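For the protein sequence lines, the chains are C and Z, in the order given. Take any residue in the first sequence, count from 1 to its spot, add 6: that is its number in my numbering. Take any residue in the second sequence, count from 1 to its spot, add 365: that is its number in my numbering.
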Amino acid sequence: MPGDDVVDCHVLVIGSGGAGCRAALEAQQYGDTVLLSRTLTGKGGCTIMAEGGYNAVLNENDSCLLHYEDTLRGGAYLNDPELAEVLVAESPERFFDLARWGSVFDVAEDFVAAQRPFGGQRFNRTCYAGDRSGHEIMATLVEQVRNSDIHQIQEEAAIELLMEDGRAAGAFTLDRDGTPGVIRADAVVIATGGGTQIYDISTNCAAGTGDGFALGWRAGGELVDMEMIQFHPTGAVYPPDARGRLITEAVRGEGGVLKNSEGERFMARYDPGRMELSTRDVVSRAIANEILEGRGTPHGGVYLDVSHLPAAQIEERLPIMLEQYLTFGVDIRTEPMEVAPTAHHIMGGLRISPGCQTTIPSLFACGEVTGGVHGANRLGGNALADTQVFGKRAGEGAGKAAVRKKADYAARLARQEERFARFENGTTPPHEIVSALKRAMWDGAGIFRTKEGLLAAQAEVTRLSALIPKAYGQRGRLECCTVENMLCLSSLIIRGALVREESRGAHVRKDVTQDWMPERSPFGHTIQKGDSCIIEKKGGAA
Amino acid sequence: MKTLTFTVARFDPATDDSPHFEKYTVEVNEGARILHALHAVRDAIDPTLAYRYCCGSGQCGSCAVRVDGEPVLACMEEATEGMVVEALNLPVERDLMVEMESYLSGMEGLVPVGETRLLTRAENDAIRPLRDCIECLACVSGCPALQVAEFSGPTAMRQEMRIALDPRDPRDRVERTVADGLFTCTTCQRCVQVCPKEIKIPGKAIEKLRELANRKGLTLPKHKEVALLVQRTGRSVERIKPTFMEQVPDVIEPVGEVKGEVAFFVGCMYNSRLPETALDMIEVMRRNGYRIHIPKDQVCCGSPLIRTGQTWFLDELKHTNIRVFEKTGCDVVLTMCAGCGSTLKNDYVTPFTVKDVNEVLTEGGFEAPEKLPVRVTYHDPCHLYRGQDVHDPPREILRSLVEEFVEMPARCCGAGGGVRSGLPEEAAELGRQRGEAIEETGAEMVVTSCPFCEFHIAEHTDKPVINITTLLREGYAEKDEGSEEEKAGEK
């Protein structure tokens, strides 16, 4: 008989961001669903921080084919075409799901969604709610979660998947007091989001530690294209503790221009056609290059300027940017911002089918933890769409899973207890491991990469992995688990980056010369499973 | 890097009955936020320090704490030397973590039974200001009504109005909001002040819900009486003695040359209940060189109607007042009632500038009085401090007026929003709390600048409650007496 610390359900959804909440709402249609959240429901994850918008083909002059082509071109043709097709085809329907549930997206005229231009797209198809679009989505979803019978388990984290006969059958958890628990389910959805907290400079929330990549990898799942890390072109550079904080692409969408310290609109030298609204990989490299070549600002960025726009436009369309900068003493209506690239999004992740089935039976995944949708570079506005389109699919897939006998967990729980004992006798404060890791990843596996730099980062990750994070009391256990996940994710990124000996999308190998454009690349996905890491050769064969 | 010393309220449910304060000294970056100071304590001193945070950019609403008593987001506010960081005024779970789950799960969600469609522009514009809430519960922590009455709280009411405005959820929940304490809000604006997103919950939600309640006949009986009185007499207070306006001419000349000219919006309370106080104010203004117009056909500003959701004839009052004051030709309309001032400034669109007497005196410069040998404290009227952002002017006057001025925290006395008439027990409880706060300051006298506060606080303290202009007039009288004695001495 299950004890107090065991919860049984039909579907377990791990993560309460945009994808997780959407998946849970769908899964609940099929049976008892648990929404497990490391934070309070809806307060974790990066959806709530997403500012710019949601891409959807809503205008008769736009087309799904155009959106599809933009997505593939932006993704340097590494996208899984089937996944990209699903994304663009279903994004409008999912947008209307949100509308049905009460979302308040801006309208251009009565009953017509307002849409703004975003980088790398040939049509203004980014729907928005000012610059708090992700917050709008989360507010909408959380209202529906509260209305539903979804069993919310809050401030409790999955630390390992519970496996039974090669299938996912639930998860081991730790609550915030460090008390272990077990959740058993017929199917599991991983919707834990991204993990760029492994970088020194990152836009991610504190929960962006890559837990889902590690959970899936340790359970034997396949991951694709883990080297593909999006560095968002515009992160704050000052004050020091605000470094990396996202400056939304909507700033450029609304007409913001980038200038170097010489006052030059330098994008003219990198992408004269698209200028500031080029794809994120191109703009990030341009900014990084300007700074490297000595044309940066005093705080080590470049200028992003909207002061030529009417103040009312800034106040209405970019209120959060205005508010955040005013907090730091900069009035963006009259002064330029200083910005530099910041680690933002992980394009790679768990390999999924269009039905969000991972390579492990009964294990589904959706949102940023998955790979393949965005290829080698994600278009701004496609991530929020991704959460809704694949959130629904994952919830549906998991919901339709057969009801099974609940797994026996006792022996496996004992292994977790051994893990805790190891942490209690740990050697190193977790934050020391994390800060060393962040520096190593930024230096060795950042915007510009070389084999030598990657190997140095790998050596550092190996050194850090040999240390045992110290748990200060039972409540410190979870942080130690998180450190292990961050190290695991870092290894996956470095291995992928070493194996991919080409520059493509967000992945730049400065030590490799190549004579092909992305669409002619001889390579496909990098695929990692267990200790194996391979790269597909053209034609599909690895 | 810099060194920062600050204090944190610690609480361990296993060993402590109540929180205790610990002082920490840490190294932080220039410009570090409170959150970074907490991180520094956790990393360098005590890894067990418990606090919530996530997005680090003011969007998720996880990290609200009280700093020196004021609810703020730890990730947005700069850490300051000597600050005291405490948990929100909610049940504390551990250190800075409070129980949020039960409140959040009780928030009503939109039920999609209406048609699926995007909004009209008008609907969008109406709902959007209520949509910025990040559910940090700063308002719930700060709300005075919630401490003493059955009230679901500011953000719950915000959410109710958001649903009421949304055509996709046609349910009628007005009776429910009344049951949830709609009429307990004193409209003190504390929730707006502490809201990281500055959502105007009283104006955009509470008063609007009260309008909906009015249409369903759910207005409190006492509030209905007031509305009928205003409709019948143009005044929200009955005449029981000679009014202020009956005692003064249409234009009052200053002592000496004319330095400025204002038109005085008297307000029902000063006209009919506290005419002596208004006469004190007039003398102070005369002495400082102001010619004062007092148009006699002015009427109630409409505040008692707006606060209680009875706005069906509000526009008539507004038109009358604007027309009457425009006719005086004055650029500045003077108020001394905090409620009238706040209403004219926020609920009217006026062709003239409205200024509170404290503003007029400090901006124009006022003659220094004799310093009175008393220890006083000042009660910030909500509708002056938060409603009009007038904080410093009365303090500037007091510092020139009394030997010793002591601050007390700015909290609602309970008189506003129709609560004193509608829910007297709640008003009395808030009044009692004010009385205790006054006692703690050790002041001999309470100064304020609002007729409602003056009336109400006087019932809950044994200290004299006095209007700031009355005290200023005393300061001048003291000065004149002194100089006469001097003259006598010279003779």
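For every residue, glycine included, the Cβ atom is placed at its ideal position computed from N, Cα and C. Just so it is clear, the structure is predicted and the values come from calculations on it, not from any experiment.
Taking residue i as the reference, give the member of the options with the closest Cα.
i: Z/C420; options: C/A248, C/E162, C/Q127; result: C/A248
i: Z/Y635; options: Z/A628, Z/A405, Z/D645; result: Z/D645
i: Z/G694; options: Z/E681, Z/H658, Z/L737; result: Z/H658
i: Z/N756; options: Z/K562, Z/S814, Z/A733; result: Per the sequence presented here, residue 756 of chain Z reads as His, with Asn not at that position. Of the listed residues, the one whose Cα sits closest to Z/H756 is Z/S814.
i: C/I352; options: C/C539, C/H238, C/E525, C/R28; result: C/H238
i: Z/M462; options: Z/A439, Z/P436, Z/Y416; result: Z/Y416
i: C/E282; options: C/G125, C/V505, C/E228, C/G452; result: C/G125
i: C/A382; options: C/I20, C/E233, C/A164, C/R421; result: C/E233
i: Z/G779; options: Z/D490, Z/F770, Z/P532, Z/A514; result: Z/A514
i: Z/G426; options: Z/R527, Z/L530, Z/R656, Z/C560; result: Z/C560
i: C/R99; options: C/C70, C/A427, C/M447, C/A294; result: It is worth fixing the name first, because residue 99 of chain C is Glu in this sequence and not Arg. The residue with the shortest Cα to Cα distance from C/E99 is C/C70.
i: Z/A775; options: Z/H385, Z/E769, Z/G796, Z/T642; result: Z/G796
i: C/A407; options: C/F426, C/P367, C/P435, C/Q422; result: C/P367
i: C/Q150; options: C/W107, C/G136, C/L72, C/G140; result: C/W107
i: Z/N454; options: Z/H825, Z/D827, Z/C504; result: Z/C504
i: C/L147; options: C/S497, C/F129, C/R28; result: C/R28
i: Z/F817; options: Z/E809, Z/A733, Z/G782; result: Z/G782
Could you check how far apart the C-beta atoms of residue i and residue j are, in whole angstroms? I think they sit under 8 Å.
i: C/L46; j: Z/E466; result: 7 Å
i: Z/E839; j: Z/V830; result: So it is not a contact: roughly 14 Å between Cβ atoms.
i: C/D86; j: C/V379; result: 7 Å
i: Z/K587; j: Z/S786; result: 4 Å
i: Z/R555; j: Z/P509; result: 6 Å
i: C/A177; j: C/N491; result: The Cβ separation is near 13 Å, so there is no contact.
i: Z/D460; j: Z/I492; result: Rounded, the Cβ-Cβ distance is 37 Å, inconsistent with contact.
i: C/E423; j: C/A477; result: Not a contact, Cβ separation roughly 13 Å.
i: C/I453; j: C/S290; result: 6 Å
i: C/L180; j: C/C494; result: Not confirmed; about 17 Å, so no contact.
i: Z/A429; j: Z/L511; result: About 15 Å separates the two Cβ atoms, so there is no contact after all.
i: C/G387; j: C/G59; result: 5 Å
Could you have a look at residue i and say whether DSSP puts it in helix, strand or coil?
i: C/K544; result: coil
i: Z/T445; result: coil
i: C/Y331; result: helix
i: Z/N489; result: helix
i: Z/M366; result: coil
i: Z/G423; result: coil
i: Z/M810; result: strand
i: C/M7; result: Low per-residue confidence applies at C/M7: pLDDT is 39, beneath 50, and the placement is therefore not dependable enough to give any value.
i: C/C133; result: strand
i: Z/P509; result: helix
i: C/F426; result: helix
i: C/D103; result: helix
i: C/G378; result: coil
Fill in: contact_flag[the segment 198-213 of chain C, the segment 437-453 of chain C] where n(CB pairs < 8 Å) is 3 or more
yes
Worksheet item: Between the segment 45-60 of chain C and the segment 157-169 of chain C, do three or more beta carbon pairs fall short of 8 Å?
Response: Yes: the two stretches touch, three or more of their Cβ pairs being nearer than 8 Å.
Worksheet item: So, do the segment 737-754 of chain Z and the segment 697-705 of chain Z have three or more beta carbon pairs nearer to each other than 8 Å?
Response: By the Cβ test, the segment 737-754 of chain Z is in contact with the segment 697-705 of chain Z, since at least three Cβ pairs between them sit closer than 8 Å.
Worksheet entry | Validate contact between the segment 515-527 of chain Z and the segment 442-456 of chain Z using beta carbons, cut 8 Å, 3 pairs | Because the criterion of three Cβ pairs below 8 Å is not met, the segment 515-527 of chain Z and the segment 442-456 of chain Z do not touch.
Fill in: Those runs of the beta strand (DSSP E) which lie wholly inside the segment 277-358 of chain C and span at least 3 residues
308-311, 343-352, 355-357
Practice prompt. Mind the definition here: the segment 303-315 of chain C touches the segment 265-279 of chain C only if three or more C-beta pairs lie below 8 Å; say whether that holds.
Written response: yes
Discussion item. Just to confirm the assignment: which complete beta strand (DSSP E) runs, minimum length 3, are found wholly within the segment 633-670 of chain Z?
Written reply: 655-658
Discussion item. With three or more C-beta pairs closer than 8 Å as the rule, is the segment 594-607 of chain Z touching the segment 667-683 of chain Z?
Written reply: Taking a cut-off of 8 Å for Cβ pairs, the segment 667-683 of chain Z and the segment 594-607 of chain Z touch, as three or more such pairs fall below it.
Practice prompt. Note down, one range per segment and in chain order, each beta strand (DSSP E) of at least 3 residues found wholly within the segment 682-742 of chain Z.
Written response: Whole beta strand (DSSP E) segments, 3+ residues: 697-700, 718-721.
Practice prompt. Output the residue ranges of the alpha helix (DSSP H) runs that lie fully inside the segment 198-236 of chain C and measure 4 residues or longer, sorted by chain position.
Written response: 217-224
Item to complete: Enumerate, from N- to C-terminal direction, the unbroken alpha helix (DSSP H) stretches of 4 or more residues contained entirely within the segment 143-181 of chain C.
Response: none
Fill in: Stretch-stretch touch, CB-based, cutoff 8 Å, three pairs: the segment 335-344 of chain C with the segment 190-203 of chain C
no
Worksheet item: Do the segment 482-492 of chain Z and the segment 437-444 of chain Z make contact, defined as three or more Cβ pairs closer than 8 Å?
Response: no
Fill in: Runs of alpha helix (DSSP H) lying entirely within the segment 383-430 of chain Z, each at least 4 residues, in chain order
399-409
Worksheet item: Per the contact definition of three or more C-beta pairs closer than 8 Å, is the segment 533-545 of chain C in contact with the segment 375-387 of chain Z?
Response: no
Discussion item. Taking 8 Å as the cut-off, does the segment 456-475 of chain C touch the segment 179-194 of chain C (at least 3 CB pairs, one atom from each stretch)?
Written reply: no
Discussion item. Could you check whether the segment 54-69 of chain C touches the segment 352-362 of chain C, counting it as contact only if at least three pairs of C-beta atoms, one from each stretch, sit closer than 8 Å?
Written reply: no
Worksheet entry | Three or more C-beta pairs below 8 Å linking the segment 29-38 of chain C and the segment 50-58 of chain C | As far as the Cβ criterion goes, the segment 29-38 of chain C does not touch the segment 50-58 of chain C, which means the pair count is below three.
Worksheet item: At a cut of 8 Å, does the segment 472-481 of chain Z reach the segment 528-543 of chain Z through at least three beta carbon pairs?
Response: A contact exists between the segment 472-481 of chain Z and the segment 528-543 of chain Z.
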